[in-house]
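Residue numbering for the sequence shown follows numbering that gives the first Met the number 0, starting at 0 and increasing by one per position.
What follows is a single structure, written as structure tokens, with notes after it.
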Amino acid sequence: MSPRQMANAQTTQRSAHHDTYARHATQAQAIVSTLGAHNKTVNVVMTTLCSSQALRAQGGPTSSHRAIAVRAALAMLGIPYSWGGGGPTGPTYGIGRGARTRGFDCSGLTEYAWSQAGVRIGTTTYEQWRVGSPVPKGKISPGDLVFYETDPARSGPDHVGLAISATHMVNAPHTGAVVRIDPINRTGYLAAIRL
């Protein structure tokens, strides 16, 4: 919805607070732009996750926590990458090359998402790697942590994202990027972990 459409909707509804939505228009436009072609994927995932029937069918409270984590991560789309940034309370100024940017690094984003669901998973990619049980690539579900080894000189995971479907994840990929949706099937895939 464009800022003009939001304003028109407010006028049509004769809202007592017509300016409330206007102050969020820029952020809303950034989120819509970031979603781009993935918008349909996000809508399908959120509809499925938020359906009470789907939550009951997938095991109750655990599925509810997964839905909360996915919603929390998706709400951060467009936030800048900041090396060492982010944590359980949201985006923060990072360290080193991230010191001047308020945002998330990969594990800060996943820690934030799961903390919104009341689940502590650790701060670093390596800590998060150890918190759950491995999931076969063909069985990845929304809320699973997806790990990558992007630097062959190091052994083990050095990047993590949060699955939003069997094929896509939300992640904070690298300096200069923003929190975004990317395919899970990419170079360096290591494993998925279910909490």
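Glycine included, every Cβ here is placed at the ideal spot set by N, Cα and C.
Here the structure is a predicted model, which means the values were calculated and not measured.
- Taking the C-beta atoms as reference points, Ser-81 is found nearer than 8 Å to Tyr-92.
- Under DSSP, Leu-76 shares a beta bridge with no residue.
- Sequence-distant partners of Thr-122 (beyond 5 residues in either direction) whose C-beta falls short of 8 Å from its own C-beta, in its chain, are Gly-86, Ser-106, Gly-107, Glu-110.
- Going by DSSP, Ala-162 is part of the beta strand (DSSP E) stretching over 158 to 162.
- If you draw a straight line from the Cα of Ser-140 to the Cα of Gly-84, it is about 26 Å long.
- Three or more beta-carbon pairs drawn from the stretch 156 to 166 and the stretch 66 to 77 are found closer than 8 Å, and the two stretches are therefore classed as touching.
- Thr-88 is classed as exposed because its beta carbon has fewer than 16 other beta carbons within 10 Å across all chains shown.
- Proximity to Ala-66 across Ala-165, Gly-131, Trp-113 peaks at Trp-113, based on C-alpha coordinates.
- As for any alpha helix (DSSP H) of minimum length 4 sitting wholly inside the stretch 110 to 178, the runs are 124 to 128, ordered along the chain.
- Taking one beta carbon from each stretch, the stretch 164 to 174 and the stretch 116 to 133 have fewer than 3 pairs nearer than 8 Å; the two do not touch.
- Nearest to Arg-96 by C-alpha distance, out of Ile-192, Gly-175, Ile-183, Ala-191, is Gly-175.
- Our two residues, Ser-154 and Leu-189, have alpha carbons roughly 11 Å apart in a direct line.
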